[in-house]
Every structure is written in structure tokens, then in C-alpha cells.
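Here the structure is laid out as C-alpha cells; the discussion comes afterwards.
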Amino acid sequence: MSTPTPSLEDFTREALDFVGAHQKRATHDASLEPTYSVLPEKPREVEERELAEALAWRKTTFDAGFGWVDGPGAHGGRDLPPAYADAYRGVERLFDVPDEAYTRFSVGILCPALLEHADPALAAEMLRPLRRTDLVACQLFSEPGAGSDMAAARTRARLDGQEWVVDGQKVWTSGAHYSEVGLLLARTEPGSRRNAGLTAFLIDMDQPGIEVRPIRQMTGGASFSEVFLDGARVPDHRRVGEVGQGWSVIMTTMRFERAVIGTDGGIDLVLLDQLARLARDEGLGEDSATLDALGDILVRGRSAAAMTQEFLARANGGPGPEMSMSKLLLTDNLGRVAQTAHDLLDERMTVRRDPEFAWHQLALSLEGLRIGGGTDEIMRTIVAERVLGLPRTPVPAAAPTKRSL
Ligand SMILES: Cc1cc2nc3c(=O)[nH]c(=O)nc-3n(C[C@H](O)[C@H](O)[C@H](O)COP(=O)(O)OP(=O)(O)OC[C@H]3O[C@@H](n4cnc5c(N)ncnc54)[C@H](O)[C@@H]3O)c2cc1C
Numbered sequence: 061m062s063t064p065t066p067s068l069e070d071f072t073r074e075a076l077d078f079v080g081a082h083q084k085r086a087t088h089d090a091s092l093e094p095t096y097s098v099l100p101e102k103p104r105e106v107e108e109r110e111l112a113e114a115l116a117w118r119k120t121t122f123d124a125g126f127g128w129v130d131g132p133g134a135h136g137g138r139d140l141p142p143a144y145a146d147a148y149r150g151v152e153r154l155f156d157v158p159d160e161a162y163t164r165f166s167v168g169i170l171c172p173a174l175l176e177h178a179d180p181a182l183a184a185e186m187l188r189p190l191r192r193t194d195l196v197a198c199q200l201f202s203e204p205g206a207g208s209d210m211a212a213a214r215t216r217a218r219l220d221g222q223e224w225v226v227d228g229q230k231v232w233t234s235g236a237h238y239s240e241v242g243l244l245l246a247r248t249e250p251g252s253r254r255n256a257g258l259t260a261f262l263i264d265m266d267q268p269g270i271e272v273r274p275i276r277q278m279t280g281g282a283s284f285s286e287v288f289l290d291g292a293r294v295p296d297h298r299r300v301g302e303v304g305q306g307w308s309v310i311m312t313t314m315r316f317e318r319a320v321i322g323t324d325g326g327i328d329l330v331l332l333d334q335l336a337r338l339a340r341d342e343g344l345g346e347d348s349a350t351l352d353a354l355g356d357i358l359v360r361g362r363s364a365a366a367m368t369q370e371f372l373a374r375a376n377g378g379p380g381p382e383m384s385m386s387k388l389l390l391t392d393n394l395g396r397v398a399q400t401a402h403d404l405l406d407e408r409m410t411v412r413r414d415p416e417f418a419w420h421q422l423a424l425s426l427e428g429l430r431i432g433g434g435t436d437e438i439m440r441t442i443v444a445e446r447v448l449g450l451p452r453t454p455v456p457a458a459a460p461t462k463r464s465l
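My numbering puts the last residue of the sequence shown at 465; the count rises by one with no breaks.
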């Protein structure tokens with residue numbers, strides 16, 4: 061007999077009781093150290109502690125039936141409508157829950173993509189551990205010559221018995237240094253071009269054929285890495301989708317990634333509170349130009365959040381290309397937050413003295429958010445072509461090779 065669906069009110073109350081029993085109410089205490097960077101890039105010892113807390117919390121929520129509210133019962137979900145998952149996220153926002161940035165790819169992006177593309181055996185093997193964060197995953201798409209243009213991927217995989225052998229290089233892999241598996245895009249048909257002949261795999265990161273080299277960022281952290289694959293192995297049963305159909309797996313993953321970034325907990329509005337406090341501290345709490353700027357950020361942030369909710373409510377088959385607008389509006393509004401902080405602090409923003417320097421971290425890390433998950437320019441092209449239905453951008457002819465000259 062199936063359990064009756066609780067009303068949304070009952071469910072929300074149940075969620076409040078559950079989260080309240082484990083976590084403290086969120087405080088907006090100005091004396092606490094605020095986080096301004098929009099990318100997770102902490103010193104390694106802080107990262108290790110936060111990661112452990114995040115994994116422990118995801119396991120607790122999963123075991124209590126809140127880990128995959130709208131996911132399928134067969135994989136540990138609760139089979140409730142998306143509105144219940146939204147309600148649960150709303151409840152978590154009221155509390156100081158561990159940072160979910162560490163598990164965002166595994167939980168919010170990879171799992172829904174696997175639901176669409178993994179065969180039943182792979183789904184049964186991977187979905188529960190990924191969603192419960194027994195396994196943490198990273199995304200092995202970008203390469204030195206294939207970022208926006210992922211169809212230029214050159215990493216190769218060839219079948220050797222029941223295993224694929226992978227050679228190549230990935231770059232900008234967020235969280236590679238603490239991930240157990242990676243969603244890998246590789247060329248499996250030698251000589252194939254563009255998005256044909258690509259296949260997706262879930263590859264184990266901890267193996268002799270994989271070397272992870274962290275990249276130091278201009279903000280000081282090292283949250284992403286270069287990943288070298290040299291004879292790395294992945295069994296055929298870890299293939300996601302059919303051989304040669306990797307492109308559609310990647311496109312689904314990117315749709316979910318943009319949805320996750322676009323709905324990123326209204327980080328612009330969270331920072332707006334800090335900005336208002338800064339304005340007051342600077343004696344500009346009543347200044348009309350400052351108030352105009354703050355009001356503008358508030359209106360834009362709220363409108364974008366309402367629009368995103370509407371997109372998600374209408375999205376039947378998962379988030380669509382409209383989510384590119386949500387990502388663009390978020391980065392645009394964060395740009396306004398950074399600019400207003402700069403107007404208030406001027407050159408003090410770049411002097412290493414907390415908390416002023418923290419605003420500098422926002423300005424620098426924001427550039428990463430504009431690029432990761434697809435750059436602003438690529439987002440605009442998607443909106444133009446796939447939301448507004450404007451003519452497609454002509455694909456430039458391939459650059460002449462030495463041979464064709
Ligand atoms: C914080 C962060 C995290 C990331 N995490 C991951 C990860 O976990 N896994 C992963 O695989 N990758 C990751 N990336 C990589 C990211 O996906 C790529 O950096 C991005 O796709 C851009 O590719 P690129 O850096 O090669 O730049 P390019 O594609 O070379 O772009 C350079 C410039 O040209 C513009 N451009 C390129 N093509 C077009 C076009 N057709 N029309 C108009 N303008 C164009 C771009 O907008 C950009 O301004 C991450 C990046 C960042 C910043």
C-alpha cells in the first residue's frame with residue numbers, strides 16, 4: 061500500500077521540525093564572518109571540515125526522507141511533486157545548514173541527468189550513493205581546446221574487452237581533488253567530428269591513470285584542477301547512454317547546471333543585506349544615489365527569482381533553455397552588487413583588510429560565475445536562438461589547416 065501524499069502544509073511543518081532538530085536558525089549577525097565569494101574556494105583545512113559537514117548533513121537528510129523529495133522511490137526519493145522539493149529548500153534556507161556547494165554537481169545536476177540517460181542497472185548502482193553523497197562527483201567536460209565549444213573534445217576512449225581505456229586532458233574541473241567519480245566526455249569513434257562520436261562515462265577518479273593538478277586562482281583559492289588521463293580505465297557498465305550519444309547526456313547536464321546556478325538561493329539578495337549594512341557603516345545609508353542602487357538590485361533580484369520560479373513551475377520535462385536567462389540575470393545583478401560596493405569603498409576595496417577585501421573577492425570570483433556552466437556570451441546565444449527563435453548563428457568554417465593551404 062502506498063503512503064498517502066501529505067498536504068504541502070503538513071510536509072513543510074514536518075520539514076521544519078526535522079531541520080530544526082538538527083540545525084540552528086540562520087542568523088544575520090554582522091559580527092559573523094560573511095562569505096562574499098560566489099565560488100567555493102576555501103583553504104584546504106576549512107574545505108575538508110566543511111565538506112565532511114556537508115556530506116554528513118546530506119546523509120542525515122537522505123535517511124530521514126528529505127534527501128530527494130521529488131525523486132523516484134526506487135532510488136530513495138519520496139515521489140512528491142516539485143513544489144514539495146521547493147518547500148523543503150525554503151525550509152533549509154531558514155537554517156544555517158552546511159554549504160551545499162560541495163555536493164551541488166553530484167546531487168542537483170548529475171542525478172537528474174542520470175535519471176534521463178542511465179540504463180536501469182547504472183541508475184540502480186549510482187543514483188542512491190550519489191544522492192546520499194556516499195559518492196561525490198565532478199564534471200570532466202572542458203579541455204584546453206574545448207570549453208564553450210565542447211564538441212571539439214579530443215580526449216579519447218577505446219574499448220578493450222569490457223573496459224574503456226581513456227587518454228587525454230580535462231581542465232577547470234571543479235572539486236576534482238575531492239571527487240570519487242567524474243562524468244567524463246570522451247571521443248569513442250576515432251576520426252568522428254564535432255558532437256558525433258562522443259560518449260559519456262562515470263569514471264572512478266582514484267586510479268593510477270588519473271592525475272589531478274589543482275590550479276591556483278586569482279582569488280587565492282584552488283577549487284578547480286587540470287585532470288590528466290593516461291590509460292585510465294572505466295568499465296563499460298559505467299557508460300551513460302549509448303555509445304556515440306554522449307552529446308545529449310552533456311546537453312541535459314548543462315541544462316540542469318544552468319538551472320542550479322540560476323536558482324542559486326538568491327545569493328544577490330543575501331549580499332544585498334551586507335551591502336545595505338556597508339552603506340550605513342560608510343554613513344551613506346540615506347544617500348539617494350546609494351538607495352537607488354540598492355533598490356535597483358532588490359527589484360532585479362526579486363523579479364529574476366519570480367521569473368525563475370515561473371520557468372520551473374512550467375517546466376514539465378525538466379528546466380529548458382530559459383534557465384540561461386536566470387543565470388544571466390543572476391550574474392548581472394551580482395555585477396551591480398560588486399559595482400555598488402566599489403562605489404562605496406573605492407580603492408579601499410582592493411586593500412587586504414577585512415571586511416573591505418571580502419568585496420574584492422566577490423568582484424573577482426564573479427568572473428568565474430560568468431564563465432562556469434557556459435559564458436555570458438553563450439547564454440545570450442541560447443536565449444536568442446532557443447527562447448526567442450532568432451536565426452541561428454552561422455557556424456564559422458573550420459580554420460584552414462596546413463594541408464588545405
Ligand atoms: C568557476 C568555474 C568552474 C568550472 N567548472 C568546470 C567543471 O567542473 N567541469 C568542466 O568541465 N568545466 C568547468 N569549467 C570550465 C567552463 O565550462 C569553461 O571555462 C567555459 O565553458 C568556457 O570555456 P573556455 O574557458 O575554454 O573559454 P572559451 O570557450 O575559449 O571562450 C573564450 C571567450 O570567447 C567567447 N566565446 C567562445 N565561443 C563563443 C561563441 N560561439 N559565441 C560568442 N562568444 C564565444 C566566450 O564567451 C569567452 O568570452 C569551469 C569554469 C569556471 C570559471
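For each residue, glycine too, the CB sits at the ideal point set by N, CA and C.
For residue i, name the three-state secondary structure that DSSP assigns.
{"i": "G80", "result": "helix"}
{"i": "T63", "result": "coil"}
{"i": "W419", "result": "helix"}
{"i": "F261", "result": "strand"}
{"i": "E302", "result": "coil"}
{"i": "S425", "result": "helix"}
{"i": "L448", "result": "coil"}
{"i": "R273", "result": "strand"}
{"i": "D220", "result": "strand"}
Mind checking residue i: buried by the 16 CB within 10 Å criterion, or exposed?
{"i": "E152", "result": "buried"}
{"i": "M314", "result": "buried"}
{"i": "H297", "result": "exposed"}
{"i": "V106", "result": "exposed"}
{"i": "A90", "result": "Interpretation of A90 is limited by its pLDDT of 44, a score under 50 that renders its predicted location unreliable; no figure is taken from the coordinates."}
{"i": "G131", "result": "buried"}
{"i": "R188", "result": "buried"}
{"i": "V79", "result": "buried"}
{"i": "T163", "result": "buried"}
{"i": "R340", "result": "exposed"}
{"i": "V241", "result": "buried"}
{"i": "C300", "result": "Inspection of the sequence shows that residue 300 is occupied by Val rather than by Cys. Per the 10 Å Cβ criterion, buried."}
{"i": "M399", "result": "Looking at the sequence provided, one finds Gln at residue 399 rather than Met. Exposed is the call here."}
{"i": "G222", "result": "Contrary to the premise, residue 222 reads as Gln rather than Gly in this sequence. Exposed, since its Cβ has fewer than 16 Cβ neighbours within 10 Å."}
{"i": "H82", "result": "exposed"}
{"i": "T63", "result": "exposed"}
{"i": "V309", "result": "buried"}
{"i": "D220", "result": "exposed"}
{"i": "M210", "result": "buried"}
{"i": "M278", "result": "exposed"}
Determine, using beta carbons only, whether residue i and residue j come nearer to each other than 8 Å.
{"i": "V226", "j": "A212", "result": "no"}
{"i": "S234", "j": "V196", "result": "no"}
{"i": "K102", "j": "E110", "result": "yes"}
{"i": "G168", "j": "F316", "result": "yes"}
{"i": "L404", "j": "E342", "result": "yes"}
{"i": "A364", "j": "L390", "result": "yes"}
{"i": "W117", "j": "P158", "result": "yes"}
{"i": "A183", "j": "L174", "result": "yes"}
{"i": "R191", "j": "W128", "result": "yes"}
{"i": "L429", "j": "V397", "result": "no"}
{"i": "M265", "j": "S239", "result": "yes"}
If you measure from the CB of residue i, is any heavy atom of ligand 1 nearer than 7 Å?
{"i": "K102", "result": "no"}
{"i": "K84", "result": "no"}
{"i": "I442", "result": "no"}
{"i": "L262", "result": "no"}
{"i": "C171", "result": "no"}
{"i": "V275", "result": "Strictly speaking, residue 275 in this sequence is Ile, with Val absent from that position. The answer is no for I275."}
{"i": "E108", "result": "no"}
{"i": "Q421", "result": "no"}
{"i": "E437", "result": "yes"}
{"i": "S67", "result": "no"}
{"i": "S234", "result": "yes"}
{"i": "G280", "result": "no"}
{"i": "I431", "result": "yes"}
{"i": "L448", "result": "no"}
{"i": "D352", "result": "no"}
Assuming residue i and residue j form a contact by the criterion Cβ under 8 Å, report the distance between their Cβ atoms to the nearest whole angstrom.
{"i": "L258", "j": "W307", "result": "5 Å"}
{"i": "E286", "j": "Q229", "result": "7 Å"}
{"i": "S384", "j": "F371", "result": "The Cβ separation is near 10 Å, so there is no contact."}
{"i": "E426", "j": "G395", "result": "Here residue 426 turns out to be Leu, not Glu, going by the sequence shown. At roughly 6 Å, the Cβ-Cβ gap stays under 8 Å, so L426 and G395 are in contact."}
{"i": "Y148", "j": "F126", "result": "6 Å"}
{"i": "M439", "j": "L388", "result": "5 Å"}
{"i": "A292", "j": "G326", "result": "Not a contact, Cβ separation roughly 39 Å."}
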